[in-house]
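Asker: So the sequence shown is numbered by the working numbering: it starts at 2 and just counts up by one. Beta carbons: idealized from backbone N, C-alpha and C, even for Gly. Keep in mind the model is a prediction, meaning the values are calculated, not measured. To start, I am sharing the structure in question, which I have written as structure tokens.
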Amino acid sequence: MKLHFEPNLDYQLQAIEAVCDLFRGQEVCRTEFTVTMKAPPATADDMSPGTVPQQMTLGVAESDLGVGNRLTLLDDELHQNLADIQLRGGLPPSGMLVSGDFTVEMETGTGKTYVYLRSIFELNKRYGFSKFVIVVPSVAIKEGVYKTLQITEEHFKGLYAGVPFDYFLYDSSKLGQVRNFATSSNIQIMVVTVGAINKKDVNNLYKDSEKTGGEKPIDLIKATRPVVIVDEPQSVDGGLTGAGKTALDAMNPLCTLRYSATHVDKHHMVFRLDAVDAYERKLVKQIEVASATVEDAHNKPFVRLVSVASRRGTISARVELDVATAGGVKRQELTVSDGDDLEQVTKRPIYADFRVGEINTAKDEEFLELRFPGGEAFLKLGQAHGDVDALAVQREMIRRTIKEHLDKEKRLRPLGIKVLSLFFIDAVDKYRQYDADGNPVKGDYARIFEEEYRRAAKLPAYQSLFGEIDLASAAEEVHNGYFSIDKKGGWTDTSENTAGNRENAERAYNLIMKEKEKLLAFETPLKFIFSHSALKEGWDNPNVFQICTLRDIQTERERRQTIGRGLRLCVNQHGERVRGFEVNTLTVIATENYEQFAENLQKEIEADTGIRFGIVEQHQFAAIAVTGAGGQTVPLGVDRSKALWEHLKAAGHIDAKGKVQDSLKTALKDGTLALPTEFDAQRSQIAEVLRKVSGRLEIKNADERQQVPLRKDKEGKAIYLSDEFKALWDRIKHQTTYRVHFDNAKLVADCIAALQKAPPIAKARLQWRKADIAIGKAGVEATEKAGAATVVLDESDIELPDLLTDLQDRTQLTRRTITSILTGSGRLDDFKRNPQQFIELAAETINRCKRLALVDGIKYQKLGDDHFYAQELFDQEELTGYLKNMLMDTEKSIYEHVVYDSTTERDFADAMEKNEAIKLYAKLPGWFKVPTPLGSYNPDWAVLVEQDGTQRLYFVVETKSSLFTDDLRDKENAKIECGKAHFHALAVGENPARYVIERSVVDLLAEAATIFKPCENFGGDR
């Protein structure tokens, strides 16, 4: 297969144009011209920027040391070019030209390497520059760049009239190549890792060498004044004054062009295609997350170290713990210090005698000492103690990855697209080990993968993919590992921090890079790739559709780096790019819930790129096109952009930092954004820029909370002060107290029966949920989609807690009573299955039965004539509600609008408004409460029913969609029983208020009809 490169992608051409326009006005010189005269003997001045040998009239200067690039532009001209480029691109303007460092920001997967390689040919064509050094941070990227140079050679020669060029990987043992680099008049491209140039005392680059004619190789490079291109400068520099940056400056570059998606130091920005632009223009894959979260696994003392900190001499750690809360045990992040008792912190006896020991905050050596009976554990960042069986979770993740892979393969194979999946693992030996004789042995991950792959291959859904395949061998052939390779050929964990380790890495990358196209072809069976740190940056295969992180993904920048390996748009069997989100979806299989994933991804994008989601920058509008006086199109400019920003700030649409306020979102939604008249012509463009930055309106108008006014009659008197309402209120306003009678034997019997009927106890489980991740200017948003599933995990090493003591603390019953209930229920086996869940279920069941037992024998009595809810409270206590939950403009309620809590209440109020028999009603406000053993109870309605203008009945009505007590929750039903008893205690004297439970107004009037004296035509239009 041969990969095809598209020469006319607009955003790539814009990036190339931005770099080339820096040198607009530089005299053009082509390498077809031969330089015959020699330069005068080299002096120190010749090596410096801006000095021009008198004999040289061409753009290529030749010294004794070879042919070099030459810049004839003055700093002021270069600065003006930079300002024009930044204005055109809508970038923040650089104040002064403080260095020759220029930044191109391109999101991973958008063709950054292609862009800087093509910029080399374009700079040569326009200005004659011919010496280029590409500096990369790692062997992986070096091999990747070299591979790209090989596969684009034909493409670039076709675009640039067959221009001759040489490229090579710098090798300290082949310094003759450096002499050729300096003396050749062809385009010269040297690719070098920063590790080979950033140590003056070690690197051969800085030593005299016979192979370069007695010169130091660095002097030859200096003399050429190369254009230095830095790939991933944040990993090369080592900071603004780091060894990497110093080594770059030592090459005496004509300029330094810096390409990355994640710049730490921005320098002079000339082009930006950030994560948001790339996503919105569909230049990268759509991202979705299949998140696996463990639930109901709180049976061990779980501790996970999240971070450590030292602030003002105080050392602390953030840890995840299983904490007892009102809603049950929840996993939470808390701050702890040396000596903290975790039983007190979590309020759970399972952490008895677990204490925090030493906390170390030294960089790259962070740990927390956890002390417990019989031992101690030293947790590194991300490590956990007392977690569920890691391999059980990882098996499920491998299984899910295989499923996602095969689902995509079924869909994409007919389109000629080969699907690849990538696993990131924590240690090589979990994938491959070696026996005493050095023979490779499968590790846990390899064994689990093959078992799960064979299992999936037998499923009916995938038979079309496995028709004539021998599964015995296929399961072994479809996966392989890419790791650093030591000299004996074995795999090893490594970083590239020494020359030996770089050699190990090189052996692995040679293999990967040489097989890049082979991997994309159907003929190669390999589809699942396992890797350690090897595939961080530099290895990007366009057809990676699944990334599974079997190691902890929760370190900074990890999500973005991980996703970056699969963002490129895929290619088919002809090597052609296939576009569209319907084909290009990257599924990340991770062990954090998708909301956290989206939130953390947003934080990483903000930290890495400086994108500030939901912030309007002062230069935000500078690039908007306006028509100038002569009819030509020019940018709005930075000054007018600032003026517009100040207007938005003065109007309260943004704060002092530019953060979007709700008023701006509302104005954009309603089309009421007011702008100064001078911006009328650009109104739609300005609104579009603001719409992208502000995102969705969080608070919709229907959700606005409003005060509900009291209704008044025609004379302006409040209805609640009328004689009719006073008569109703006097019947229900009095307060009561209650006494209870308690039957212990019945309580035990009820608890046994309730516990037998309680839901089954589940084992600890893994919950899968799937969500689309959308990246927009307002932020990263996760939207759940179909694909949820639950998997049971087997926990075999659980220590059983003290069941009786725990339940005694939670229920306040005696141990004897609890023992009777538990043995009578016959459910003690469930305790062994999931102790923590059983304790919570048993405690909740017993406490519920206790509450209901209290209600069974309840008796209310009136507190006396002085204890009542005063009528004036209606005026004193403000009633508010949301517009979407209001019945508007009522005519019989004591309020102008009725605030309802359910559709049943809404329909009931609407029917009362339309029924002539209802004279007056009130939705009883929250402050009208009846005391009960289960907490206070607030009835729904007070209603006055009238017949023929003469007879009146007074009701307190509880509305329910069902009258069957089975359908009402126990607690709710018990409160209603208390309500009955309360109003029964108040039902003294003639025509008292009656407490009823009804589904509709028709039912209420039917009840009223049985009480009224016989009369015709009762109830008007029912």
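#1: Report the three-state DSSP secondary structure of Cys571 (helix, strand or coil).
#2: Of the choices Lys267, Lys200, His386, Phe182, whose alpha-carbon is the least far from that of Arg226?
#3: With burial defined as no fewer than 16 other Cβ atoms inside 10 Å of the residue's Cβ, what is the status of Gly387: buried or exposed?
#4: May I ask you to report which of helix, strand or coil DSSP gives Asp830?
#5: State the DSSP-derived secondary structure class of Arg273, mapped to helix, strand or coil.
#6: Taking the CB atoms as reference points, tell me whether Val231 and Tyr260 lie closer together than 8 Å.
#7: Mind checking which residues open and close the beta strand (DSSP E) that includes Met107?
#8: Quick check on this structure: which residue in Glu841, Ser317, Ala310, Glu397 has the alpha carbon closest to the alpha carbon of Lys364?
#9: Within this structure, are the beta carbons of Glu1053 and Glu359 separated by less than 8 Å?
#10: Which same chain residues, not among the five before or five after Lys701, have their C-beta less than 8 Å away from its C-beta?
#11: Taking buried to mean at least 16 other C-beta atoms within 10 Å of its own C-beta, is Tyr435 buried or exposed?
#12: Taking only three categories from DSSP, how would you classify His386?
#13: Check Gln178 in the structure and name its three-state DSSP category.
#14: Does the stretch 558-573 come into contact with the stretch 597-605, if we say contact requires no fewer than three beta-carbon pairs (one atom in each stretch) closer than 8 Å?
#15: Look at the alpha carbon of Lys517 and the alpha carbon of Ala652, and state the distance between them as a whole number of angstroms.
#16: With a threshold of 7 Å on Cβ separation, who are the neighbours of Leu413 within its own chain once the five nearest residues in sequence on each side are excluded?
#17: Contact between the stretch 947-962 and the stretch 987-1002 is defined here as three or more beta-carbon pairs at a separation below 8 Å; is this criterion met?
#18: Can you list, in chain order, the residues of its chain with a C-beta nearer than 6 Å to that of Pro710? Leave out the 5 residues immediately preceding and following it.
#19: If I measure Cβ to Cβ from Leu987 and keep anything under 8 Å in the same chain, skipping five residues before and after, which residues do I get?
#20: Using beta-carbon positions only, say whether Leu274 and Thr104 come within less than 8 Å of one another.
#21: Taking the straight line between their C-alpha atoms, what separation do you get for Gly314 and Pro350?
#22: If you drop the 5 nearest sequence neighbours on each side, which residues of the same chain put their C-beta closer than 6 Å to that of Glu782?
#23: Are the beta-carbon atoms of Ala746 and Arg849 separated by less than 8 Å?
#24: Could you please give the first and the last residue of the uninterrupted alpha helix (DSSP H) stretch that includes Ile142?
#25: Starting from Asn361, follow its DSSP beta bridges and name the residues at the other end.
#26: Looking at the unbroken alpha helix (DSSP H) that takes in Met191, where does it start and where does it end?
#27: If we ignore side chains and look at the alpha-carbon of each, how far apart do Lys771 and Glu289 end up?
#28: Nearest CA to the CA of Val193: which residue from Ala353, Ile135, Val479?
#29: Assuming Arg712 and Ile919 form a contact by the criterion Cβ under 8 Å, report the distance between their Cβ atoms to the nearest whole angstrom.
#30: Starting from Trp928, trace the alpha helix (DSSP H) in both directions and tell me its first and last residue.
#31: Going straight from the alpha carbon of Ala843 to that of Phe743, what length do you get?
#32: Based on Cα-Cα distance, which residue from His406, Tyr901, Leu4, Phe272 lies nearest to Glu106?
#33: Measuring CA to CA, which of Lys443, Ser139, Phe614, Thr806 is closest to Val694?
#34: Just reading off the alpha helix (DSSP H) that Ile1 is part of, what are its end residues?
#35: Assuming Arg433 contacts Gly444 under a Cβ cut-off of 8 Å, what Cβ separation, rounded to an integer in Å, is found between them?
#36: With a Cβ-Cβ cutoff of 8 Å, do Lys223 and Met252 count as a contact?
Answerer: This is what the structure gives:
#1: Your numbering for residue 571 matches position 570 in the sequence shown. Looking at Cys571 - three-state DSSP - the assignment turns out to be coil, as it is neither helix nor strand.
#2: Taking the first residue of the sequence shown as position 1, residue 226 is located at position 225. Selected option, being the one with the closest Cα: Phe182.
#3: Here residue 387 corresponds to residue number 386 of the sequence shown, with the count starting at 1. By the 16-neighbour rule on beta-carbons within 10 angstroms, Gly387 is buried.
#4: Your numbering for residue 830 matches position 829 in the sequence shown. Under the three-state reduction of DSSP output, Asp830 falls in the helix class.
#5: As a position in the sequence shown, residue 273 is number 272, starting the count at 1. Residue state, collapsed to three classes: strand.
#6: Numbered from 1 along the sequence shown, position 230 holds the residue referred to as residue 231. Numbered from 1 along the sequence shown, position 259 holds the residue referred to as residue 260. Closer than 8 Å, so yes.
#7: In the sequence shown, counting from the first residue as 1, residue 107 sits at position 106. Met107 -> beta strand (DSSP E) spans 102-107.
#8: For the purposes of this step, residue 364 is identified with residue 363 of the sequence shown, where counting begins at 1. Looking at the Cα atoms, Ala310 is the closest of the given residues.
#9: Look at the range of the chain in this structure, 2 to 1023, and you will see that residue 1053 is not part of it.
#10: Here residue 701 refers to the residue found at position 700 of the sequence shown. Because the pLDDT of Lys701 is 34, which lies under 50, any placement of that residue in the model is unreliable, and the number read from its coordinates should be weighed accordingly. Closer than 8 Å at the Cβ level, and outside the excluded window around Lys701, lies no residue.
#11: Translated into the one-based positions of the sequence shown, residue 435 becomes position 434. It counts as exposed.
#12: In the sequence shown, the residue the question calls residue 386 occupies position 385. Looking at His386 - three-state DSSP - the assignment turns out to be strand.
#13: In the sequence shown, the residue the question calls residue 178 occupies position 177. In the three-state reduction of the DSSP assignment, Gln178 falls in the helix class.
#14: Between the stretch 558-573 and the stretch 597-605, the count of Cβ pairs shorter than 8 Å is three or higher; the stretches touch.
#15: As a first step, residue 517 must be located in the sequence shown, where it is residue number 516. As a first step, residue 652 must be located in the sequence shown, where it is residue number 651. Distance between the alpha carbons of Lys517 and Ala652 is about 55 Å.
#16: As a working note, residue 413 is residue 412 in the sequence shown. Correct list, in chain order: Val420, Val584.
#17: Yes, since at least three Cβ pairs between the stretch 947-962 and the stretch 987-1002 fall closer than 8 Å, the two stretches touch.
#18: Numbered from its first residue, the sequence shown carries residue 710 at position 709. These residues qualify, in order along the chain: Glu897.
#19: Position 986 of the sequence shown, counted from the first residue, corresponds to residue 987. If we look at Leu987 and ignore the five residues flanking it on each side, its Cβ neighbours are Arg732, Ile733, His735, Thr737, Lys863, Pro993, Ala994.
#20: In the sequence shown, residue 274 corresponds to position 273, counting from 1. In the sequence shown, residue 104 corresponds to position 103, counting from 1. If you check the CB distance, Leu274 and Thr104 do not come in under 8 Å.
#21: Here residue 314 refers to the residue found at position 313 of the sequence shown. Here residue 350 refers to the residue found at position 349 of the sequence shown. Whole-angstrom Cα-Cα distance: 32 Å.
#22: Residue mapping note: residue 782 aligns to position 781 of the sequence shown, counting from 1. Ala775.
#23: Translated into the one-based positions of the sequence shown, residue 746 becomes position 745. Translated into the one-based positions of the sequence shown, residue 849 becomes position 848. Result no, Cβ atoms of Ala746 and Arg849 do not sit closer than 8 Å.
#24: What you label residue 142 is simply residue 141 of the sequence shown in a count that begins at 1. For Ile142, the enclosing alpha helix (DSSP H) covers residues 140-160.
#25: One-based indexing of the sequence shown puts residue 361 at position 360. For Asn361, which the question treats as bridged, DSSP gives the partners Phe368.
#26: Here the question's residue 191 lines up with position 190 in the sequence shown. That residue, Met191, is in no alpha helix (DSSP H); its beta strand (DSSP E) goes 188-194.
#27: Locating residue 771 in the sequence shown gives position 770, counting from the first residue. Locating residue 289 in the sequence shown gives position 288, counting from the first residue. Their backbone Cα atoms lie some 7 Å apart in a straight line.
#28: As a first step, residue 193 is located in the sequence shown; it is residue number 192 there, counting from the start. The residue with the shortest Cα to Cα distance from Val193 is Ile135.
#29: Stepping through the sequence shown from its first residue, residue 712 is reached at position 711. Stepping through the sequence shown from its first residue, residue 919 is reached at position 918. No, Arg712 and Ile919 are not in contact; Cβ-Cβ is about 15 Å, not under 8 Å.
#30: As a working note, residue 928 is residue 927 in the sequence shown. Careful: Trp928 lies outside any alpha helix (DSSP H) and carries neither H nor E.
#31: The residue given as residue 843 occupies position 842 in the sequence shown. The residue given as residue 743 occupies position 742 in the sequence shown. Computed Cα separation, rounded: 20 Å.
#32: Position 105 of the sequence shown holds residue 106. Measuring from the Cα of Glu106, the nearest candidate turns out to be Phe272.
#33: Along the sequence shown, read from residue 1 onward, the residue named residue 694 stands at position 693. Checked all of Lys443, Ser139, Phe614, Thr806; the closest Cα to Val694 is Phe614.
#34: Limits of the chain in this structure are 2 at one end and 1023 at the other, which puts residue 1 out of reach.
#35: Position 432 of the sequence shown holds residue 433. Position 443 of the sequence shown holds residue 444. About 5 Å; that satisfies the 8 Å criterion.
#36: Counting from 1 along the sequence shown, the entry for residue 223 is found at position 222. Counting from 1 along the sequence shown, the entry for residue 252 is found at position 251. Yes, the Cβ-Cβ distance between Lys223 and Met252 is below 8 Å.
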